[in-house]
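2 protein chains.
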Amino acid sequence: MEMKDIVIQFGALAQESRLEIFQLLMTNGETGLFAGEISKNLGITANTLSFHLKALQQADLIKSERHGRYISYSLNIEGYKSLLKFMTEDCCKGNPTLCATDVECC
Amino acid sequence: MEMKDIVIQFGALAQESRLEIFQLLMTNGETGLFAGEISKNLGITANTLSFHLKALQQADLIKSERHGRYISYSLNIEGYKSLLKFMTEDCCKGNPTLCATDVECC
DNA sequence: CTTTCATTTCCATAATCGCTGAAGTATCGA
DNA sequence: TCGATACTTCAGCGATTATGGAAATGAAAG
């Protein structure tokens, strides 16, 4: 993972609406939610939501799938894991004592 | 941790210079580095660096200590861990299968 | 006390971001 | 084919962010 990609990932999560979207999708598994459901759920207008979804998708944090005229969005767990990997692998380079506890994912 | 604090933390890391600063401090342990050393190391002018250090500090990701006329900056590991905690604890709410592997920190 | 050095704060500017309304695209149902 | 529905893209705007130069602060050294 390049530094720039990591910056894009952090940037995608550095906004309240987008973090809410991401959290919501966290709890909605493989099937995810349709854009309209997210919109209703979080009270974000369609166009603004579309803008944020694009940012999250470009950051490799979510993915989309068309079902007729609906588009479902769901977590891209691999992208998220690569961010966590970056955050934890570089954590202790040169200084293991600083970061002594394990962080568990699930 | 509040949503807004998390957004601030992600925002602090969502910038190339700041991510570089943070990575550099990762590898410099408890003692950290003086502002001037960081500046020289990364080629960032003093005033701009100061601006970025402030952002990282306000996000609880680094801390500072004055030594005479030098100021050392070092990792605030607790703040970083709380971010990792947020990212991993909420990860599987409602969907453990999505996020099955452990992420190790050190 | 004055100078010097390390760093921060202030100010101005250019770039980016987030939001909105309006228009565009894609799909479905009649 | 026509209209309705779901969603995206575009254009424009106000707000925030990143940066650099200049001035200010804080601490040491002479």
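Protein sequence lines correspond, in order, to chains A and B.
Here this note's numbering is used: the first residue of the first sequence is 14, the next is one more, and so on.
Here this note's numbering is used: the first residue of the second sequence is 14, the next is one more, and so on.
Yeah, the Cβ is synthetic: ideal placement off N, Cα and C, and Gly gets one too.
(1) Determine the chain B residues that contact L97/A at a beta-carbon separation under 8 Å, and present them in chain order.
(2) Are there three or more Cβ pairs, one per stretch, closer than 8 Å when the segment 38-54 of chain A is compared with the segment 36-51 of chain B?
(3) Taking A27/B as the query, report the chain A residues whose CB atoms sit under 7 Å from its CB, ordered along the chain.
(4) Check the Cβ of K17/A against every Cβ in chain B and list those closer than 8 Å, keeping chain order.
(5) Cα separation between A113/B and L88/A?
(6) Identify the continuous beta strand (DSSP E) that holds R82/B and give its terminal residues.
(7) Starting from the beta carbon of L32/A, find every residue of chain B whose beta carbon is closer than 7 Å, and list them in chain order.
(8) So, using beta-carbon positions, are L69/A and A48/A closer together than 8 Å?
(9) Could you check whether the Cβ of T101/A sits closer than 7 Å to any heavy atom belonging to the ligand SAM?
(10) Would the segment 17-27 of chain B and the segment 25-36 of chain A be scored as touching if the rule is three or more Cβ pairs under 8 Å?
Judging by the given coordinates:
(1) Working through the first sequence from its first residue, we reach residue 97/A at position 84. Chain B residues near L97/A: L97, M100, T101, V116.
(2) no
(3) Numbered from its first residue, the second sequence carries residue 27/B at position 14. Per Cβ cutoff of 7 Å: V20, F23, G24, A27.
(4) The residue labelled residue 17/A in the question sits at position 4 within the first sequence. Those within 8 Å of K17/A in chain B are E29.
(5) Stepping through the second sequence from its first residue, residue 113/B is reached at position 100. Stepping through the first sequence from its first residue, residue 88/A is reached at position 75. Residue confidence is low: A113/B scores 47 on pLDDT, short of 50, so the model does not pin down where it sits. Its coordinate-derived value is still stated next. Roughly 14 Å separates the two Cα atoms.
(6) By one-based count along the second sequence, residue 82/B stands at place 69. Counting along the chain, R82/B falls outside any beta strand (DSSP E), and DSSP gives it neither H nor E.
(7) Indexing the first sequence from 1 puts residue 32/A at position 19. Near L32/A (Cβ distances below 7 Å), the residues of chain B are M16, I19, V20.
(8) Against the first sequence, residue 69/A aligns to sequence position 56. Against the first sequence, residue 48/A aligns to sequence position 35. Not a contact, by the Cβ cut-off of 8 Å.
(9) The model depicted lacks the ligand SAM and carries no ligand whatsoever.
(10) yes
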